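The listed protein sequences derive, respectively, from chains E and X. For the first sequence, my numbering begins at -17 and goes up steadily by one. For the second sequence, my numbering begins at -17 and goes up steadily by one. Quick notes on the structure that follows.
2 protein chains.
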Amino acid sequence: MSDSYHHGNLRQALIDAGIKIINESGEESLSLRKAASACQVSHAAPYAHFKDKDELIGAIKSSVTEQFMEELTDAVNGAADAEQALVEMGKHYVSFFIRKPDYFKFLFGSQNVIAHTIPDKSFAEDYPPFVLLKSTYLKYLKEKKLKKSKEEQEVELLQLWATAHGLASIACMSGVETTFDWEEMLKGDRLLR
Amino acid sequence: MSDSYHHGNLRQALIDAGIKIINESGEESLSLRKAASACQVSHAAPYAHFKDKDELIGAIKSSVTEQFMEELTDAVNGAADAEQALVEMGKHYVSFFIRKPDYFKFLFGSQNVIAHTIPDKSFAEDYPPFVLLKSTYLKYLKEKKLKKSKEEQEVELLQLWATAHGLASIACMSGVETTFDWEEMLKGDRLLR
DNA sequence: CTCCAATCTTGACACTGTAAAGATATTATA
DNA sequence: TATAATATCTTTACAGTGTCAAGATTGGAG
């Protein structure tokens, strides 16, 4: 308990410090030494918990992805039916990153989130946001009693994901408020019908 | 002409060296000093041509974007009609980055391409790939004699762009060959009709 | 109580971006 | 053409970075 030498929970503290730094001054200013000193610990202490700077970054990405998933899950659970759940999920997929563009740059920037988050990369079948999208979409098909071939389902799923992800990317890239109308895109026989 | 002290065209040489480094070992391994030494020049020489590392990176991004535009333009010009031009442009938008995932990470990664490429950021109205997409789309509307409101046009344009960009992003992220069917997405009353 | 493994510190190294001061070549000026 | 101004490049220096090695400190298992 004597907290001179042993921090107690340095691993989590480093992750939190990293997130704070990213929020305050962006990813590019995140360094192992800054995170360490934010935890009042020597510059080499992180190496007891992370093999690499990359490993710390991977842990931070997982943590941010959990935040992201929390919002998506809430959006889906709060919807009246599966169709609205799809709409709300897409809306939040985009608006989350518009509110936190630094998160988007961090997650989908230089490195590979998916490779970081999931071990075996069988496309994105294990990537949490995609898993949630897929299950919601399947519920939607059942709800509307729509019969589609596997191929058609894959195309629609990928298109839904790509549209939301592309919008988020474009918005975060340009830094300008994109006046997109997500409902307009989904409805009107465009992506869903 | 005595090429001891003065390089002759160091600015362009640095850009080329940067591109080569990115292609060979990714963006994260690109440093001013490496680019300088690749041009057989001292490590501070770049500062005669670029205020910053950021400024060199901006120049490289412009150069890569030109390459990208070349392929898109060829695709559009080689098409029989405007509809096929739209399809081909989208196809190449994605496949270009699948062939060069490091380019995608570099362009749309940590920094802001659009802010780099164009001075005043009025959304993306000046971003070359978007400009080409827009003109092609308008030609397509005229060709098919389709009347759409300004709002509907904007939604469709943004959706086209987001879909292509999202697919590229997802493909480059996961690192896995995405078996997407671009034509399937565009045709079949999905994005175009 | 002792010993071991986990955790943390200290010191060192190579590499980075960038600034300042000086050297050299090119261009403009007179 | 001679000289001055400017652009280009080198050298030196410094703070910050990731990472490693060696040692100090601690909590816990036996």
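Every residue gets a Cβ at the ideal spot worked out from N, C-alpha and C, and that includes glycine. From a predicted model like this one, the values you see are computed outputs, not experimental measurements.
Identify the contact partners of residue i in chain X, using a Cβ-Cβ distance below 7 Å as the criterion.
i, result
"residue 90 of chain E", "151 and 155"
"residue -5 of chain E", "None at all; the shortest Cβ gap to chain X is about 25 Å."
Report the option in the options whose CA atom is closest to the CA atom of residue i.
i, options, result
"residue 66 of chain E", "E/79, E/22, E/119 and E/4", "E/119"
"residue 114 of chain X", "X/129, X/165 and X/53", "X/53"
"residue 50 of chain E", "E/-9, E/34, E/83 and E/139", "E/83"
"residue 29 of chain E", "E/68, E/144 and E/-7", "E/-7"
"residue 70 of chain X", "X/148, X/-12, X/142 and X/155", "X/142"
"residue 122 of chain X", "X/138, X/111, X/34 and X/0", "X/138"
"residue 21 of chain X", "X/75, X/133, X/145 and X/-4", "X/-4"
"residue 13 of chain X", "X/-12, X/39 and X/140", "X/39"
"residue 89 of chain E", "E/64, E/25 and E/147", "E/147"
"residue 106 of chain E", "X/156, X/64 and X/80", "X/156"
"residue 10 of chain E", "E/0, E/18 and E/77", "E/0"
"residue 77 of chain E", "E/41, E/150, E/117 and E/85", "E/150"
"residue 45 of chain E", "E/133, E/7, E/60 and E/85", "E/85"
"residue 5 of chain E", "E/117, E/42, E/112 and E/108", "E/42"
"residue 68 of chain E", "E/135, E/-12 and E/117", "E/117"
"residue 18 of chain E", "E/124, E/8 and E/32", "E/32"
"residue 111 of chain E", "E/134, E/58, E/135 and E/80", "E/58"
Give the residues of chain X in contact with residue i, contact being defined as C-beta atoms less than 8 Å apart.
i, result
"residue 40 of chain E", "None at all; the shortest Cβ gap to chain X is about 14 Å."
Assign residue i to one of two classes, buried (16 or more other C-beta atoms within 10 Å of its C-beta) or exposed (fewer than that).
i, result
"residue 170 of chain E", "Low confidence applies to residue 170 of chain E: its pLDDT is 49, below 50, so where it sits in the model is not reliable, and the reading given next is rough at best. Exposed: under 16 other Cβ atoms inside 10 Å."
"residue 128 of chain E", "exposed"
"residue -10 of chain E", "exposed"
"residue 126 of chain E", "exposed"
"residue 72 of chain E", "buried"
"residue 47 of chain E", "buried"
"residue 2 of chain E", "exposed"
"residue 24 of chain E", "exposed"
"residue 74 of chain X", "buried"
"residue 191 of chain E", "This structure cannot settle anything about residue 191 of chain E, because the visible part of chain E is limited to -17 through 175."
"residue 153 of chain X", "buried"
"residue 26 of chain X", "exposed"
"residue 91 of chain X", "buried"
"residue 87 of chain X", "buried"
"residue 132 of chain X", "exposed"
"residue 144 of chain X", "buried"
"residue 62 of chain X", "exposed"
Please check if any C-beta of chain E sits within less than 8 Å of the C-beta of residue i.
i, result
"residue 57 of chain X", "no"
"residue -12 of chain X", "no"
"residue 141 of chain X", "yes"
"residue 27 of chain X", "no"
"residue 118 of chain X", "no"
"residue 47 of chain X", "no"
"residue 106 of chain X", "yes"
"residue 144 of chain X", "yes"
Could you tell me whether the Cβ of residue i comes closer than 8 Å to any Cβ of chain X?
i, result
"residue 74 of chain E", "no"
"residue 148 of chain E", "yes"
"residue 17 of chain E", "no"
So which residues on chain E does residue i lean against when the C-beta distance must stay under 8 Å?
i, result
"residue 20 of chain X", "Neighbours of residue 20 of chain X on chain E: none; closest Cβ ~21 Å, over 8 Å."
What are the start and end residues of each continuous alpha helix (DSSP H) run of 4 or more residues lying completely inside the region 26 to 111 of chain X, in chain order?
Within the region 26 to 111 of chain X, complete alpha helix (DSSP H) segments of at least 4 residues are found at 35 to 59, 64 to 81, 83 to 90 and 95 to 99, given in chain order.
To test your reading of the DSSP string, which unbroken beta strand (DSSP E) runs of 3 or more residues are found completely within the region 120 to 149 of chain E?
Assignment of beta strand (DSSP E) within the region 120 to 149 of chain E, counting only whole runs of 3 or more residues, yields no such run.
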